[in-house]
Amino acid sequence: MNKNYLSHRVANLPPSGIRKYFDIAAAMPEVISLGIGEPDFVTPQPIAQAGLRSLEAGETKYTSNAGILELRETLADHLEELYGVRYAPKGEMFMTVGVSEALLLAMTALLDPGDEVIIPTPCFMAYQADVLLAGGVPVEVASTVEENFQLNPQKIESAITPKTKAILVGYPNNPTGAVASPEILKQVISIAEEHDLIVLSDEIYDQLVYGQPHVCVSSLPGAKERTILMGGFSKDYAMTGWRVGYACGPEEIIAGMLRVHQYAIMSAPTTSQVAAIEALNHGAEHVAAMRAEYDRRRRLIVDGFNSMGLHTFEPGGAFFAFPQISSTGLDDETFAERLLKEEQVAVVPGSVFGPGGAGFVRCSYATAYEQIEEALVRIERFGKSL
Numbered sequence: 018m019n020k021n022y023l024s025h026r027v028a029n030l031p032p033s034g035i036r037k038y039f040d041i042a043a044a045m046p047e048v049i050s051l052g053i054g055e056p057d058f059v060t061p062q063p064i065a066q067a068g069l070r071s072l073e074a075g076e077t078k079y080t081s082n083a084g085i086l087e088l089r090e091t092l093a094d095h096l097e098e099l100y101g102v103r104y105a106p107k108g109e110m111f112m113t114v115g116v117s118e119a120l121l122l123a124m125t126a127l128l129d130p131g132d133e134v135i136i137p138t139p140c141f142m143a144y145q146a147d148v149l150l151a152g153g154v155p156v157e158v159a160s161t162v163e164e165n166f167q168l169n170p171q172k173i174e175s176a177i178t179p180k181t182k183a184i185l186v187g188y189p190n191n192p193t194g195a196v197a198s199p200e201i202l203k204q205v206i207s208i209a210e211e212h213d214l215i216v217l218s219d220e221i222y223d224q225l226v227y228g229q230p231h232v233c234v235s236s237l238p239g240a241k242e243r244t245i246l247m248g249g250f251s252k253d254y255a256m257t258g259w260r261v262g263y264a265c266g267p268e269e270i271i272a273g274m275l276r277v278h279q280y281a282i283m284s285a286p287t288t289s290q291v292a293a294i295e296a297l298n299h300g301a302e303h304v305a306a307m308r309a310e311y312d313r314r315r316r317l318i319v320d321g322f323n324s325m326g327l328h329t330f331e332p333g334g335a336f337f338a339f340p341q342i343s344s345t346g347l348d349d350e351t352f353a354e355r356l357l358k359e360e361q362v363a364v365v366p367g368s369v370f371g372p373g374g375a376g377f378v379r380c381s382y383a384t385a386y387e388q389i390e391e392a393l394v395r396i397e398r399f400g401k402s403l
């Protein structure tokens with residue numbers, strides 16, 4: 018075959034900047050991985066048992082396209098209780114196959130070819146890819162450690178053009194662990210109102226915050242009518258493999274996203290939706306226990322990096338530390354490659370997360386405390402060898 022049958026969008030899509038490190042690490046039996054953004058906890062037993070009972074009861078058929086009504090009703094109550102924002106279970110929300118699907122659906126439903134989406138970086142790598150796959154243009158706006166990796170409203174406003182359709186934000190942030198400032202978010206909402214833009218808010222880590230409240234973007238004044246709120250169960254409830262998330266927003270946009278969802282997916286997994294009901298109803302104590310353990314690991318890894326001279330931004334949420342490694346004399350890719358090969362510790366170069374990430378590495382503390390202790394020993398030894 019001489020023809021290239023792939024679309025230009027797919028053929029030109031860059032590969033994941035994380036993948037090669039995982040592939041190398043997979044062949045190393047003694048590797049300690051601080052690279053994977055996935056809870057090391059198993060799904061809490063009551064949640065898993067609810068899913069098992071659903072299977073045993075023969076609940077193996079499709080649900081409605083929007084998801085089980087009881088789940089949507091429970092989720093609506095949950096969001097109102099936590100954040101004071103109310104969504105109609107019928108019309109303003111539906112269940113997705115994780116936030117990943119919700120993001121792609123939002124881009125597909127909103128963007129015409131050439132439409133621009135402003136993406137503050139460093140950020141989750143799929144953001145730019147989802148915009149490209151939908152035919153849009155990602156416009157990256159860097160935040161810096163000097164700004165505490167907060168949104169910069171002036172930079173965002175300067176990036177707006179007649180083609181701008183939306184602003185995409187993700188807090189608590191992957192990879193930095195930054196938690197959004199409510200004052201800055203209010204400024205961003207004002208900018209979106211002034212320029213009639215949609216705000217896309219990825220809040221998958223909403224309950225994994227330490228010593229401060231999470232700010233739900235759509236709960237802010239004037240935000241709900243132009244915000245698509247996306248969340249899920251993967252991180253808070255250690256349910257990554259269950260693949261269940263949600264999107265909430267203005268009825269006409271949700272209807273458009275649901276139309277794409279109908280043709281592409283049909284419905285989120287039935288068993289997972291049943292388990293999600295249990296998570297919302299009785300999962301709070303399990304979330305609190307996991308959050309407390311993440312916090313313990315957070316203190317260990319941040320103090321460990323700082324003590325060896327690798328200045329580390331204080332993460333307020335999620336489960337990532339973002340140490341600055343420029344003092345070693347290595348760029349972040351060389352640092353990650355050599356650390357993996359010489360000390361068998363896997364981290365992710367900050368530059369793969371977009372502008373603002375160069376000179377940093379992302380280290381997940383969603384791994385056992387003892388493993389983090391050993392990883393810190395190896396990293397310090399590597400630093401002294403340079």
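Just so you know, we're using our numbering here: the sequence shown kicks off at 18 and counts up by one. C-beta: ideal position from N, C-alpha, C; glycine also.
In the DSSP annotation of this structure, residue 103 is not part of any alpha helix (DSSP H), being labelled neither H nor E.
The stretch 69-80 makes no contact with the stretch 191-210, as fewer than three CB pairs between them are under 8 Å. Non-local C-beta neighbours of residue 26 in its own chain, meaning closer than 8 Å and more than five positions away in sequence, comprise 149, 150 and 152, ordered along the chain. Taking C-beta atoms as the reference points, residue 373 and residue 189 fail to come closer than 8 Å.
Residue 391 has its alpha-carbon roughly 14 Å from the corresponding atom of residue 359. Note that the C-beta distance between residue 198 and residue 221 is not below 8 Å. For residue 315, no beta strand (DSSP E) segment is defined; the enclosing uninterrupted segment is the alpha helix (DSSP H) at 301-324.
Between the alpha carbons of residue 266 and residue 236 lies a distance of about 11 Å. The beta strand (DSSP E) runs of length 3 or more contained entirely in the stretch 235-286 are, from start to end of the chain, 244-249 and 262-265. Secondary structure of residue 327 (DSSP, three-state): coil.
Contact between the stretch 246-263 and the stretch 111-123 is present, with at least three C-beta pairs closer than 8 Å. Residues 294 of the same chain have their beta carbon placed closer than 7 Å to that of residue 87, with the five preceding and five following residues left out of the count.
Counting every other CB atom within 10 Å of its CB across the protein chains shown gives residue 81 a total below 16, marking it as exposed. Where residue 116 is concerned, the enclosing alpha helix (DSSP H) starts and stops at 115-127.
In the DSSP assignment, residue 379 is bridged to 365.
Between residue 134 and residue 182, the C-beta gap is smaller than 8 Å, which places the two residues in contact. Across the structure, residue 328 and residue 231 are spaced so that their CA atoms are roughly 25 Å apart. Under DSSP, residue 224 takes part in no beta bridge, so it has no partner. Ranking 32, 64 and 28 by CA distance to the CA of residue 303 puts 64 first.
Annotation: the continuous alpha helix (DSSP H) that includes residue 358 extends over 349-360. Note that the C-beta distance between residue 353 and residue 319 is not below 8 Å. Inter-segment contact for the stretch 52-59 and the stretch 276-290 is absent: fewer than three beta-carbon pairs are separated by less than 8 Å.
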